[in-house]
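Residue numbers (our numbering), protein chains in the order written: chain A, 164 to 348; chain B, 164 to 348.
Note that CB positions come from ideal geometry on N, CA and C, so glycine has one too.
Bear in mind the structure is a predicted one, so any value in this text is a computation, not a measurement.
Report on one structure; see the data block that follows.
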DNA sequence: GTCTATATAGCGATAGAC
DNA sequence: GTCTATCGCTATATAGAC
């Protein structure tokens, strides 16, 4: 558990990349094995079924989410600033995991939807004490959701390792965060 | 063009319902034909390929989007109120089209992502004159995106004709709209 | 305009050699 | 632990009867 086999990680990374770059339909066992540089048999030694492959991805996402939450709670600018700022994708491992899970959720994999809901709830719990009321919390969360969704749509097919949307950056993002904080605090 | 063949509409409706209720993967030609009550050959007479089926759905969505935009611009409570209020799904034909297009976009169909981007831009143009600045417009748009995305995730697999998320309703929604208007106007 | 039958390819998964 | 070979199934699409 402390040090997963290299091949396992390579397969998981390849599966994740295919989900992000080409969609759930293209993320087949064949394609994943090829992208990871192993044979299909080799892949199926580590993940006995496609369902196990998905579970592996979600487990990894849960760990990254726990790290992210810790960072959010101790962020210098406060949780709200951290939350919104990091909702604009940076291409981090956590971002990639979230997008991949989003693709799976939209394709009808309940375990992925559940994981995303779980993570969103942990954000809600972390943000609630720092805003005025439930409505303000909902507003903050929804802005993050909106940013995330737009980036997810833009990370679509054929954009290579595509993580660069037309969403607010730099000064625009700062202004958006300032306005949100003003409305929510 | 004024009156499309009945079978065409039935097929389009069935395809859309499958996309929403069971995901892109389950929305096969076989399943669509069966749900529409025609044979696969019959379906393929109207839509010569799956790509044409998708195009048909998006064309229909574009028409519904034009109607929606008109309603938004002449809404009694103003475009912002209308926009946010209708971002919580009601199960309208437009809502269903948007979710179906979202599923296709996430599965890597560029034409669907393009349509969604186009529609979002038309909302932006309609809302811009009614808010303080670009940051305020972005905030409003993102809240709608967030609501939409959450509902889309919840409209997932196995929820029947599933359009009923845990998103704000009634008084909660009114409060959210009031807060948004306060921040943006 | 709608059907049945079929061609072709790709899917997830298994078996067994190395 | 990784490979090749193959099974059984389902996908999109075509051909041609009615």
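> For residue 175(A) versus residue 267(A), is the C-beta spacing smaller than 9 Å?
Replying inline: Against a cut-off of 9 Å, the Cβ pair of residue 267(A) and residue 175(A) comes out as no contact.
> Would the region 268-286 of chain B and the region 281-301 of chain A be scored as touching if the rule is three or more Cβ pairs under 8 Å?
Replying inline: no
> Does the beta carbon of residue 312(B) come closer than 9 Å to any beta carbon on chain A?
Replying inline: yes
>> Taking 9 Å as the threshold (beta carbon to beta carbon), is residue 348(B) in contact with chain A?
In response: At least 9 Å separates the CB of residue 348(B) from every CB of chain A.
>> Could you tell me the alpha carbon to alpha carbon distance between residue 346(A) and residue 348(B), rounded to whole angstroms?
In response: 12 Å
> Can you tell me whether residue 295(B) is buried or exposed, with buried defined as 16 or more other CB within 10 angstroms of its CB?
Replying inline: exposed
> Given residue 342(A), which residues of its chain have a CB within under 6 Å of its CB, disregarding the five upstream and five downstream residues?
Replying inline: none
>> For residue 195(B), report the span of its alpha helix (DSSP H) as first-last.
In response: 192-199
> Leaving out five residues before and five after residue 192(B) in sequence, what residues of the same chain have Cβ atoms less than 8 Å from its Cβ?
Replying inline: Closer than 8 Å at Cβ, skipping near neighbours: 203, 206, 207, 213 and 216.
> For residue 263(B), which residues of its own chain have a beta-carbon under 7 Å away from its beta-carbon, when the five flanking residues on both sides are left out?
Replying inline: 179, 182, 183 and 220
> Which residues, in chain order, does the region 187-214 of chain A contribute to contact with chain B at a C-beta distance below 9 Å?
Replying inline: 187, 188 and 189
> Does the Cβ-Cβ distance between residue 270(A) and residue 218(A) come in under 9 Å?
Replying inline: Taking 9 Å as the cut-off, the beta carbon of residue 270(A) is found no closer than this to the beta carbon of residue 218(A).
> Relative to chain B, which residues along the region 224-241 of chain A have a C-beta separation below 9 Å, given in chain order?
Replying inline: none
> Between which two residues does the alpha helix (DSSP H) harbouring residue 265(A) extend?
Replying inline: 256-269
>> Helix, strand or coil for residue 235(B)? Go by DSSP, reduced to three states.
In response: Reduced to three states, the DSSP call for residue 235(B) is helix.
>> When you compare the CB positions of residue 308(B) and residue 246(A), do they come within less than 9 Å of one another, or not?
In response: No, the Cβ-Cβ distance between residue 308(B) and residue 246(A) is not below 9 Å.
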